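To keep things clear, I will list the structure first and then write my remarks on it.
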Amino acid sequence: MSTPIRASSILPGRREDIELHTADGLTLVGELARPLDRAPAGTLVCLHPLPTHGGMMDSHVFRKAAWRLPALADLAVLRFNTRGTSSVRGTSEGAFDGAVGERFDVAAAIEYAEFQELPNIWLVGWSFGTDLALKYGCDPAVAGAVLLSPPLRFSEPADLAVWAESGKPLTALVPEFDDYLRPEEARQRFAAVPQAEVVGVPGAKHLWVGDAETALDEIVRRVNPAVPVPLPTTWDGPMETGDVSAYADRTVAAFADTPVPGPQQRRAG
Numbered sequence: 003m004s005t006p007i008r009a010s011s012i013l014p015g016r017r018e019d020i021e022l023h024t025a026d027g028l029t030l031v032g033e034l035a036r037p038l039d040r041a042p043a044g045t046l047v048c049l050h051p052l053p054t055h056g057g058m059m060d061s062h063v064f065r066k067a068a069w070r071l072p073a074l075a076d077l078a079v080l081r082f083n084t085r086g087t088s089s090v091r092g093t094s095e096g097a098f099d100g101a102v103g104e105r106f107d108v109a110a111a112i113e114y115a116e117f118q119e120l121p122n123i124w125l126v127g128w129s130f131g132t133d134l135a136l137k138y139g140c141d142p143a144v145a146g147a148v149l150l151s152p153p154l155r156f157s158e159p160a161d162l163a164v165w166a167e168s169g170k171p172l173t174a175l176v177p178e179f180d181d182y183l184r185p186e187e188a189r190q191r192f193a194a195v196p197q198a199e200v201v202g203v204p205g206a207k208h209l210w211v212g213d214a215e216t217a218l219d220e221i222v223r224r225v226n227p228a229v230p231v232p233l234p235t236t237w238d239g240p241m242e243t244g245d246v247s248a249y250a251d252r253t254v255a256a257f258a259d260t261p262v263p264g265p266q267q268r269r270a271g
């Protein structure tokens, strides 16, 4: 009997708590979810939204990715809290560093995926996480990146130039009603990366509330194109239910919908 897949549904997979160790001596907490009984076809390394505005490894799109995609799309999903960030999993050491020290966090996550011999590593950044992907993610071990709601706040033209030169696939999923960067302007900004694909998502907003499934479909379409999308909305096998109540006050208000000035804006102001 088919059961609807809901926000709290956890499909079968192998999930383990992990720790990442940065080059500057911090321990970061995270989780790795893999398919239950087969090798993954690809790997998502998730870079979460701004922690000063509620972003964390459990921000809802990434939580749903970890709970669903190992079963539905044969993908491994690595989530972690950047320095100073807390979630139910715990608190990573250190303190938020405005996209500077976080370069070590990104490197530690990529290194962990390599060490585990996880295949076809893609970065999936969301909001602040997209800036981290653009600034620090164009690593030889990384196949490409998918950016959710990129504000281009901390990243600079030089970062886009690195991606342009690499030729690695880069997809920006830009909500029609984003608070920071909307599709038309995003196409202009990402024109500096010839291979970049900017996908406007009708009706969506920066937080992807009500549109997480669309984001997951677009991620899977690029990382494991052998899987048909849209992904199923029901499941015929065993299913657990996760507790999402811990984030009832953080899901919608994750970023407070208020602009956060990046370095250039801060200097100008």
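So the sequence shown is numbered by our numbering: it starts at 3 and just counts up by one. Even glycine gets a Cβ: it sits at the ideal position worked out from N, Cα and C. All figures in this text were calculated on a predicted structure; none of them were measured in a lab.
Asked, Found
"Alpha-carbon spacing of R311 relative to K66, whole angstroms", "Nothing about residue 311 can be reported from this structure: the residues present for the chain run from 3 to 271 only."
"Presumed contact (8 angstroms Cβ cut-off) between T29 and M58, rounded CB distance", "That pair is no contact at about 16 angstroms."
"Stretch pair the stretch 114-123 + the stretch 189-201: three plus CB contacts closer than 8 angstroms", "no"
"L38 versus G44 - alpha carbon distance", "14 angstroms"
"6 angstroms Cβ shell around V201 - same chain, five flanking residues per side excluded", "L175"
"Test item: CB-CB of D107 and R85 under 7 angstroms", "yes"
"Nonlocal neighbours in the same chain, by C-beta distance under 8 angstroms from T236, ignoring five residues either side", "S4, T5, P6, I7"
"Segment limits, alpha helix (DSSP H) that includes R8", "Note, R8: premise wrong, no alpha helix (DSSP H); not H, not E."
"Alpha-carbon spacing of G169 relative to D141, whole angstroms", "12 angstroms"
"Which residues DSSP lists as bridging L80, in chain order", "L34, V47"
"Alpha carbon of A188 to alpha carbon of W128, nearest angstrom", "15 angstroms"
"CA-to-CA distance, G15 to P240, given in whole angstroms", "11 angstroms"
"S151 vs P185 beta-carbon contact at 7 angstroms", "no"
"Under 7 angstroms between C-beta atoms of C48 and V126", "yes"
"3-residue-minimum beta strand (DSSP E) runs that sit fully inside the stretch 189-236, ordered along the chain", "198-203"
"Straight-line gap, P227 to I221 (C-alpha atoms, nearest Å)", "9 angstroms"
"Beta-bridge partners of L175, as assigned by DSSP", "L150, V201"
"Reduced DSSP category for A110 - H, G, I as helix; E, B as strand; rest coil", "helix"
"Where R40 sits in the DSSP three-state scheme", "coil"
"Neighbourhood of A258 by C-beta, 7 angstroms cutoff - its chain only, sequence neighbours within 5 removed", "Bear in mind that the predicted position of A258 carries a pLDDT of just 38, short of 50, making it unreliable; the figure below should be weighed with that in mind. So the list reads H55, once near-sequence residues are dropped."
"As assigned by DSSP and simplified to three states, the class of L71", "helix"
"Three-state secondary structure assigned by DSSP to L13", "coil"
"Residue closest to L209, alpha-carbon to alpha-carbon, out of L46, H50, P42, L34", "H50"
"For V31 and N1, believed in contact at Cβ under 8 angstroms, the rounded distance", "Shown here, the chain extends from 3 to 271; a query on residue 1 therefore has no answer."
"Backbone secondary structure at E158 - three-state DSSP", "coil"
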